[in-house]
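Undergrad: Please read through the structure below; I'll follow up with questions.
Protein chains: 2
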Amino acid sequence: MAKAGATSRPTRIQREKRQAIFEAALNVFSEKGLRGATLDQIAKAAGISKQNIVYYFNGKEAIYSELLEGLLEQWVSPLRDLSEDGDPMEEILTYVSRKIEMSRDMPRESRLFATEVLHGAPRLGDMLNTDLKALVDEKAAIIAGWMVEGRLATIDPHHLIFSIWAMTQHYADFDLQVQAVLGPVRSDTRFEDAEAFITHMLVRTLRP
Amino acid sequence: MAKAGATSRPTRIQREKRQAIFEAALNVFSEKGLRGATLDQIAKAAGISKQNIVYYFNGKEAIYSELLEGLLEQWVSPLRDLSEDGDPMEEILTYVSRKIEMSRDMPRESRLFATEVLHGAPRLGDMLNTDLKALVDEKAAIIAGWMVEGRLATIDPHHLIFSIWAMTQHYADFDLQVQAVLGPVRSDTRFEDAEAFITHMLVRTLRP
DNA sequence: GTCTATAAATCGATAGAC
DNA sequence: GTCTATCGATTTATAGAC
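These protein sequence lines map, in sequence, to chains A and B.
Residue 78 in the numbering used here sits at position 78 of the first sequence, with consecutive numbering throughout.
Throughout, the numbering used here is defined as the position within the second sequence, counted from one, plus 1000.
Here is the structure:
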């Protein structure tokens, strides 16, 4: 029969198998990185034989690339949803809140993207220079507009976005270190505490 | 003759060779990660044969571990130097300044530590739970003391330190993304701009 | 100390039976 | 579609000459 990855309509079992492989691959890749992960580990995690995985995907890199690609839009959606029409402070704090939620609920995805960018982002291709830059420029322009109108204190909007990325994603990517430093007592409220901290910092910085 | 890595006094040539290997390994490991790096790549970068590298180190993991270990104290030194005796705001801004300097001048080291923590920090061992936690707790107590004295606005000192780590290291670890988003025009002043931004944000947050 | 040669292990990928 | 068996490439590590 035709290879499963072809353009023809996938059957139910094909979709389920591919989904199981993606789920297992997300676990393994986010822990070990692309080169650190082996097909055996993914196969074991998915409960599927290694050879069967090869039947569904064109090799290890294909799993990785398709996984990354499939997560991209979801990953930038919080920033995409930042709207010119809302209240400036509320829009920015909602953005922070959604980013903290993602760090709490999608730490594997966060680490996947972090490792990819850290190691040169060869598979994100030119997307950083084109799509991501365009998105950030667009939202930075909105924020700059609010500042011109006097609705926010003036500050560099690009670095504001970088600082939000950095602070929120830190709690996913370096969660191990955060938990180690906070200790067992305080680490169970780390995401709420982080959001409260970042919110407080941004309000004091951005209030006109 | 005895193996080079032994406890006996190393000769000059041994030190130089080991240093060249460390330098090459830092390049390769920070770009590819532990498992993505090969001895061949390190050997080529160091201008030494692969077999000769094995003569000086007990395998790839030994190079990695010793490299990490050797950088540890330097890596935390900016925080260690934060002194109770100085002016509170000045001490914190000096800390930020030194961290930004490290992101600018030691991005390879930053990415090395980032990858290690991101992937579970198996080689940093219990150091995070003991040494690092003790250091952060000590400095957080100093900062908390300043707040009690009314010399700084009250805010969670642990999350303050996390946010400084996150924002400063972001410019080393994700420099590729930062440069892509800022574009060729603005990215050449990114470290100065970042320091100015973070400083401004912290002053507004911490001023009593 | 440095080299050539090669062993040994790991891993991605393929062939072919059912 | 899933399996067993195995190839081939890569890579770590070792043996031994010089």
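From the three backbone atoms N, C-alpha and C, an ideal C-beta is built for every residue, glycine too.
Just tell me which of A:A134, A:A140 and A:Y64 has its CA closest to the CA of F113 of chain A.
TA: For F113 of chain A, the nearest C-alpha among the options comes from A:Y64.
Undergrad: Measuring only the C-alpha atoms, how far is S1110 of chain B from A1037 of chain B?
TA: Taking the straight line joining both Cα atoms gives about 17 Å.
Undergrad: Between which residues of its own chain and L1206 of chain B is the CB-CB distance below 6 Å, once the five residues before and five after are set aside?
TA: L1152 and A1153.
Undergrad: Could you name the residues of chain A that K1032 of chain B contacts, counting a contact when the two beta carbons are closer than 8 Å?
TA: By Cβ distance, chain A contributes R35 and H119.
Undergrad: Please report the Cβ distance between I1143 of chain B and P1122 of chain B, rounded to the nearest whole angstrom; I am assuming they are in contact, meaning their Cβ atoms lie under 8 Å.
TA: In fact, because the Cβ distance is near 31 Å, the residues do not count as touching under 8 Å.
Undergrad: Mapping the DSSP letters down to three states, classify L124 of chain A as helix, strand or coil.
TA: L124 of chain A falls in the coil class under three-state DSSP.
Undergrad: So, do the segment 1184-1198 of chain B and the segment 1012-1030 of chain B have three or more beta carbon pairs nearer to each other than 8 Å?
TA: Flag = no, the segment 1184-1198 of chain B and the segment 1012-1030 of chain B do not touch.
Undergrad: Using beta carbons (cut-off 8 Å, strictly below), is N27 of chain A in contact with chain B?
TA: So, not an interface residue.
Undergrad: According to DSSP, is F1197 of chain B helix, strand or coil?
TA: Here F1197 of chain B sits in helix by DSSP.
Undergrad: Please check if any C-beta of chain B sits within less than 8 Å of the C-beta of I155 of chain A.
TA: It does; some Cβ of chain B falls within 8 Å.
Undergrad: Between N52 of chain A and chain B, is there a C-beta pair that is closer than 8 Å?
TA: Closer than 8 Å: no.
Undergrad: For Q19 of chain A, is the classification buried or exposed, using 16 other Cβ atoms within 10 angstroms of its Cβ as the cut-off for buried?
TA: Exposed is the call here.
Undergrad: With the cut-off set at 8 Å, would you say A1141 of chain B and I1161 of chain B are in Cβ contact?
TA: No. Outside cutoff.
Undergrad: For chain B, find out if any of its Cβ atoms is closer than 8 Å to the Cβ of K133 of chain A; answer yes or no.
TA: So, interface residue.
Undergrad: Since E1125 of chain B meets chain A, which of its residues come closer than 8 Å, beta carbon to beta carbon?
TA: Here residue 1125 of chain B is Gly; the residue named in the question, Glu, does not match the sequence. Going along chain A, no residue has its Cβ under 8 Å from G1125 of chain B, so there is no contact; the nearest lies around 11 Å.
Undergrad: DSSP on H1159 of chain B, reduced to helix/strand/coil?
TA: Here H1159 of chain B sits in helix by DSSP.
Undergrad: Return no unless some Cβ of chain A is closer than 8 Å to the Cβ of G1183 of chain B.
TA: Interface residue, yes.
Undergrad: Looking at the structure shown, is R12 of chain A part of a helix, part of a strand, or coil, going by DSSP?
TA: In this structure, R12 of chain A counts as helix in the three-state DSSP scheme.
Undergrad: Starting from D85 of chain A and walking both ways along the alpha helix (DSSP H), at which residues does that stretch end?
TA: Segment: none, D85 of chain A is in no alpha helix (DSSP H) and carries neither H nor E.
Undergrad: Inspect the beta-carbon positions of Q1177 of chain B and L128 of chain A and report whether they are closer than 8 Å.
TA: Yes; because the gap between Cβ atoms is below 8 Å, this pair is in contact.
Undergrad: Should L202 of chain A and A1180 of chain B be called a contact, given that it needs their Cβ atoms to be closer than 8 Å?
TA: No.
Undergrad: Taking the alpha carbon of P1208 of chain B as the point to measure from, which residue in B:K1032, B:P1088 and B:E1195 has its own alpha carbon closest?
TA: Among B:K1032, B:P1088 and B:E1195, the Cα nearest to that of P1208 of chain B is on B:P1088.
Undergrad: Run the CB neighbour count on S77 of chain A, radius 10 Å, all protein chains shown included, and call it buried at 16 or more, exposed below.
TA: The residue in question, S77 of chain A, is exposed, as its Cβ has fewer than 16 Cβ neighbours within 10 Å.
Undergrad: How many whole angstroms separate the CB atoms of I1155 of chain B and F197 of chain A, which I take to be in contact at a CB cut-off of 8 Å?
TA: The Cβ separation is near 7 Å, so the contact holds.
Undergrad: M999 of chain B to G47 of chain A, Cα distance in whole Å?
TA: In this structure chain B extends from 1001 to 1208, so residue 999 of chain B is not present and cannot be described.
Undergrad: Can you list the residues of chain A that V1178 of chain B reaches, using a CB-CB cut of under 7 Å?
TA: What V1178 of chain B touches in chain A: F162.
Undergrad: Within 10 Å of its beta-carbon, does R83 of chain A have 16 or more other beta-carbons around it, so buried, or fewer, so exposed?
TA: Here residue 83 of chain A is Ser; the residue named in the question, Arg, does not match the sequence. Exposed, by the Cβ-count rule.
Undergrad: Give me the Cα-Cα distance between I164 of chain A and V1117 of chain B, rounded to the nearest whole angstrom.
TA: Cα-Cα distance, rounded: 20 Å.
Undergrad: Can you find a CB in chain A that lies within less than 8 Å of the CB of D1105 of chain B?
TA: So no, D1105 of chain B is outside the interface.
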